[in-house]
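Per our numbering, the very first residue in the sequence shown carries number 793; after that it's consecutive. Glycine included, C-beta positions come from ideal geometry on N, C-alpha and C. A short write-up of the structure that comes next.
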Amino acid sequence: MTKTISIISQKEGVGKTTIAANIAATLALYEKKTLLIDGDPQSHLTRYAGIRPMEITDTLYHAFMGKASAGQVAVQTPIAYLTFIPSGPSLFLTEHRLAIKPGKELILKKIIQEIKNDFQYVIIDSPSSLGFFTICAMAASDWSILPAACNVSTREALSDLDEIIKMVQDQLNPDLKIAGTLWNMCSGKDGPDRFLSEGERKQIPYPSFKTTIPRDDMVQKASRSGKPVALCDIRSEAAQAYFDFSVELLKKIA
């Protein structure tokens, strides 16, 4: 059965898009058929993939508006087993143009349903906000991953996110589950224990993954080259962490 996983954070600077790209790539390198979706109108993931949003004809916007099917907007990447649905600036118009359409928050779920049987995993990147597209991503998902930067300011953001998650579960997707908090940009393998007290950790509403993603210059180098970190240097700390995390994730959602 296909598993749809959204990467959710309203806080900028936690590495959400980088996490989405590298999880999807790592799953594909494990020979899991994976669909990666850029659900953010700012198109950071599309640019990460080396695609210029203004130069592509069909994007997620066209699928939202019924102008193209999911299969028409999906493109094969240079990585075997990895397919990508790009975004573009026109996606900003979607919420306005669908303002009075009933059930608009479930359109992304319907788009994914068109082609989900071709994939084992669907990974959705969402905006750094709690707006329309983030709600769409959670409404379409079986699981959500909550990225968090290894610093104390992240705790409040995770607590704030809990309210919108419960709203989506109550009103749109009762089957949505939270896979956990993924700590990113950490010093070595240190997680939240290094900067949060036991009391503060208890205030975080969702458990943390055992694997943490280290701060690694190779991540930025890979991003600039439009590649996942594993294809830039498979021996790097970050690449190994993403492989470890993917194994942990697959066990979690099995």
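Notebook entry, point to check: When we look at the beta-carbon of Ala-855 and count the other beta-carbons within 10 Å, is it buried (16 or more) or exposed?
Noted result: Locating residue 855 in the sequence shown gives position 63, counting from the first residue. Buried.
Item checked: Enclosing beta strand (DSSP E) for Lys-902 [first to last residue] -> Indexing the sequence shown from 1 puts residue 902 at position 110. No beta strand (DSSP E) contains Lys-902, which is instead part of the alpha helix (DSSP H) from 899-907.
Note to self: Can you tell me whether Lys-893 is buried or exposed? The criterion is at least 16 other CB atoms within 10 Å of its CB, across all chains shown.
What the structure shows: For the purposes of this step, residue 893 is taken as the residue at position 101 of the sequence shown. With fewer than 16 other Cβ atoms within 10 Å, it is exposed.
Check: Under a Cβ-count criterion, where at least 16 other Cβ atoms within 10 Å of its own Cβ denotes burial, should His-888 be classed as buried or exposed?
Finding: Translated into the one-based positions of the sequence shown, residue 888 becomes position 96. Exposed: under 16 other Cβ atoms inside 10 Å.
Item checked: According to DSSP, residues forming a beta bridge with Asn-1047 -> Nothing can be reported for residue 1047, as the shown portion of the chain is limited to 793 through 1046.
Checklist line | For Ile-957 and Pro-966, the rounded distance between their alpha carbons | finding: Taking the sequence shown and counting its residues from 1, one reaches residue 966 at position 174. Taking the sequence shown and counting its residues from 1, one reaches residue 957 at position 165. Going by the C-alpha atoms only, they are around 10 Å apart.
Note to self: Between the alpha carbons of Pro-878 and Cys-942, how many angstroms are there, rounded?
What the structure shows: The residue labelled residue 878 in the question sits at position 86 within the sequence shown. The residue labelled residue 942 in the question sits at position 150 within the sequence shown. Distance between the alpha carbons of Pro-878 and Cys-942 is about 29 Å.
Margin query: Relative to the C-alpha of Ile-916, which candidate in Leu-883, Ser-861, Phe-876 has its C-alpha closest?
Written below: Residue 916 sits at position 124 when you count from the first residue of the sequence shown. It is Phe-876 whose Cα lies nearest to the Cα of Ile-916.
Notebook entry, point to check: When the Cα atoms are used, what is the spatial distance from Gln-995 to Ser-989?
Noted result: Counting from one through the sequence shown, the residue named residue 995 turns up at place 203. Counting from one through the sequence shown, the residue named residue 989 turns up at place 197. So the two alpha carbons sit approximately 10 Å from each other.
Notebook entry, point to check: For Lys-795, which residues does DSSP report across the bridge?
Noted result: For this step, residue 795 is matched to residue 3 along the sequence shown. Tyr-913.
Note to self: For the ligand HEM, I want to know if Ile-815 counts as a neighbour, meaning its beta carbon is within less than 8 Å of at least one of the ligand's heavy atoms.
What the structure shows: In the structure on display, the ligand HEM does not appear, and there are no ligands present to speak of.
Item checked: Secondary structure of Ile-957, DSSP reduced to three states -> What you label residue 957 is simply residue 165 of the sequence shown in a count that begins at 1. Three-state DSSP puts Ile-957 in a helix.
Item checked: Host alpha helix (DSSP H) of Asp-1009 (start-end) -> In the sequence shown, residue 1009 corresponds to position 217, counting from 1. From DSSP, the alpha helix (DSSP H) with Asp-1009 extends over 1009-1017.
Check: If we ignore side chains and look at the alpha-carbon of each, how far apart do Lys-1019 and Leu-852 end up?
Finding: By 1-based counting over the sequence shown, the position of residue 1019 is 227. By 1-based counting over the sequence shown, the position of residue 852 is 60. Answer to the nearest angstrom: the Cα atoms are 21 Å apart.
Check: How is Cys-1024 classed by DSSP in three states: helix, strand or coil?
Finding: Position 232 of the sequence shown holds residue 1024. Residue state, collapsed to three classes: helix.
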